[in-house]
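Chemist: Oh and the sequence shown: position 193 is 240 in my numbering, straight run, nothing missing.
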Amino acid sequence: MTTAQSRLDDRAKQVLRYLVQSYLHDGNPVGSRTLANNAVVPYSPATIRNVMSDLEDIGFLVSPHTSAGRIPSPRGIRFFIDQLLTVTPPEKNTLHRLENSLRRETTTEVHTAGANIISQLTQYVGFVAMPISALPVVRKLRFVKLSSCRILAVIVTDSGDVLNRIFTYDRDVSETELNAAATVYNRYFADMTFSEAQKLMYSQLLELREQIGNLLKSLLEKVDEKEHAAADENSGLYIAGESNLLKDENLSGDMHKLRELYDLLEQKKEMLRLLKRGDNAADVSIFIGSESGLSALDECSVVFSSCGQEEDGKPLGLIGVIGPKRMRYNRVIPTVGVAAKLLGNVLETLRLPSQ
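#1: What residues are listed by DSSP as bridge partners for Arg189?
#2: Determine the burial state of Val209: buried for a count of at least 16 other Cβ atoms within 10 Å of its Cβ, exposed for fewer.
#3: Ends of the beta strand (DSSP E) at Gly74?
#4: Comparing C-alpha positions only, which one of Lys388, Arg151, Asp295 sits nearest to Asp330?
#5: Per DSSP, what kind of secondary structure is Val385 in: helix, strand or coil?
#6: What are the boundary residues of the alpha helix (DSSP H) that includes Thr141?
#7: For Pro119, does the count of other Cβ atoms within 10 angstroms reach 16, so buried, or fall short, so exposed?
#8: Consult DSSP for Asn85 and reduce its assignment to one of helix, strand or coil.
#9: Would you say Glu307 and Ala343 are within 7 Å of each other, going by their C-beta atoms?
#10: For Asn281, does the three-state DSSP call read helix, strand or coil?
#11: Under a Cβ-count criterion, where at least 16 other Cβ atoms within 10 Å of its own Cβ denotes burial, should His112 be classed as buried or exposed?
#12: Would you give the residue range spanned by the beta strand (DSSP E) that Arg212 belongs to?
#13: Rounded to the nearest angstrom, how far is the Cβ of Ile380 from that of Val134, given a contact under 8 Å?
#14: Taking the straight line between their C-alpha atoms, what separation do you get for Arg58 and Val98?
#15: List the residues that DSSP assigns as beta-bridge partners of Val175.
#16: In the DSSP assignment, the alpha helix (DSSP H) including Phe126 goes from what residue to what residue?
#17: Among the residues of its own chain, which have a CB less than 7 Å from the CB of Leu322, if the five just before and after it don't count?
#18: Hey, could you find the ends of the beta strand (DSSP E) Ile335 is sitting in?
#19: Measuring straight from C-alpha to C-alpha, what distance separates Leu266 and Glu146?
#20: Using a 10 Å radius around the Cβ and a threshold of 16 neighbouring Cβ atoms, would you call Met302 buried or exposed?
#21: Quick one: what's got a C-beta closer than 7 Å to Arg378's C-beta in the same chain, skipping five residues either side?
#22: How far does the alpha helix (DSSP H) with Ser166 in it reach, from first residue to last?
#23: For the alpha helix (DSSP H) containing Ser299, list its first residue and its last residue.
#24: So Ser342 is in the alpha helix (DSSP H); what residue range does that whole segment cover?
#25: Rounded to whole angstroms, what's the CA-CA distance from Ser100 to Phe127? Just pull it up for me.
#26: Report the residue from Ser353, Leu284, Gly300, Arg373 whose alpha carbon sits nearest the alpha carbon of Glu317.
#27: Kindly indicate which residue of Asp217, Val220, Leu188, Phe214 has the alpha-carbon position closest to the one of Gly207.
#28: Quick check: what's the CA-CA separation for Ser69 versus Ile165?
#29: Comparing alpha-carbon positions, which option in Asn163, Val184, Leu168 lies nearest Phe174?
#30: My assumption, with CB atoms under 8 Å, is that Pro89 sits in contact with Ser79. Please give the rounded CB distance.
#31: Do Leu149 and Val157 have their CB atoms nearer than 7 Å?
#32: In whole angstroms, give me the CA-to-CA distance for Val184 and Val203.
#33: Straight-line CA distance for Ile213 to Phe236?
#34: With respect to the alpha helix (DSSP H) encompassing Ser96, which residues constitute its N-terminal and C-terminal limits?
#35: Hey, would you say Gly391 sits closer than 7 Å to Cys347, going by beta carbons?
#36: Quick check on the burial criterion: 16 or more other C-beta atoms within 10 angstroms. Buried or exposed for Asp205?
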């Protein structure tokens, strides 16, 4: 907190609180008379005007060119959230909807359900993200010959998901060879990632039949390339409720910004990098407007929290929402926090070995 912010007295905090609340409610610039007419603000218009001028000097308020009123800056909203906000705990009905929606059998289904339910509850864009570095632990592997050099790898993960990866091999491989390679993998290397299996193969290759061992090593390199590409680019971000962006006049009124925002959600890479900056936070993380460093989010806020925990302490995933800066923070923040805890519990349960 800067020196100027630390010197805010109770009167300035009270004026800032009600000004931000008024702006978040209706989106209009707030004037001194508007605040003075509020029964809970015990100050005259002149006093409020002076306080608002001081708040503008330290960067908490800005004056739109079209109005004599003021609106909070991202810094002002940040101070409001960190110091002045009173949150509203989710209702029992909300908790029941979250719990029921997250009852799924695979991690992919849980991620999709999580993005959908958080979007429905908040009426913003909902998302669930896996850690970018996450690679599947493979319980069973099968190879299917599609054509002379095209091969399909069918991967059953430890969480029950079934992944399909198609790649081109350097030569024509028979079905018999592919079946033998898969049998060797399932016998020696089950319950590992492909990268871990490749490392172990170097020490065990002499124990395997040389021809099949070399073939399997080459096939794993191909499949592992696909898995790393999938983990790095993308697929770990599940998004729902993009149409909710159209409900906000500030967002829908600027087609260039709206198109930029949709592109950001579609490409996913930049969003994953942004979320990486807050994935170790113990509580809910928030990026307000330009704090994200992404121009597409200048008029938005991103509220998210980590879910569950790996053995190394890293989160199993993230859940959150993207919406306008005029967000209902008092309800969104606790809803995201509760959703993160419930989602983390489900993901940790799915990681446990089946009995």
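The beta carbon of each residue, even a glycine, is placed where N, CA and C say it ideally should be.
These numbers come from a predicted model, not from an experiment.
Modeler: Quick answer:
#1: Val201
#2: exposed
#3: Neither: Gly74 is in no beta strand (DSSP E) and is coded neither H nor E.
#4: Looking at the Cα atoms, Lys388 is the closest of the given residues.
#5: DSSP places Val385 in the helix class (H, G or I) of the three-state scheme.
#6: 139 to 148
#7: Buried: at least 16 other Cβ atoms inside 10 Å.
#8: coil
#9: yes
#10: Legend: pLDDT at Asn281 = 46, less than 50; position of this residue unreliable, no value from coordinates given.
#11: exposed
#12: 209 to 215
#13: Contact between Ile380 and Val134 holds, since their C-beta atoms are separated by about 6 Å, short of 8 Å.
#14: 8 Å
#15: Tyr285, Ile366
#16: 121 to 126
#17: Ala176, Phe351, Leu365
#18: 332 to 335
#19: One Cα belongs to Leu266, the other to Glu146, and the distance between them is close to 41 Å.
#20: Exposed, because fewer than 16 other Cβ atoms sit within 10 Å of the Cβ of Met302.
#21: Thr135
#22: 154 to 169
#23: 296 to 299
#24: Per DSSP, Ser342 belongs to no alpha helix (DSSP H) and is neither H nor E.
#25: Pairing Ser100 with Phe127, the inter-Cα distance amounts to about 17 Å.
#26: The candidate whose alpha carbon is nearest that of Glu317 is Leu284.
#27: Restricting attention to Asp217, Val220, Leu188, Phe214, the CA atom closest to the CA of Gly207 is found in Leu188.
#28: 25 Å
#29: Nearest C-alpha to Phe174 among Asn163, Val184, Leu168: Asn163.
#30: That belief does not hold up - the Cβ atoms of Pro89 and Ser79 are roughly 14 Å apart, past 8 Å.
#31: yes
#32: 9 Å
#33: So the two alpha carbons sit approximately 21 Å from each other.
#34: Checking the displayed sequence, the identity of residue 96 turns out to be Arg instead of Ser. Taken as a continuous stretch (DSSP letters only), the alpha helix (DSSP H) holding Arg96 covers 92 to 104.
#35: Judged by beta-carbon spacing, Cys347 lies beyond the 7 Å limit of Gly391, meaning their Cβ atoms are not closer than that value.
#36: Classification for Asp205: buried.
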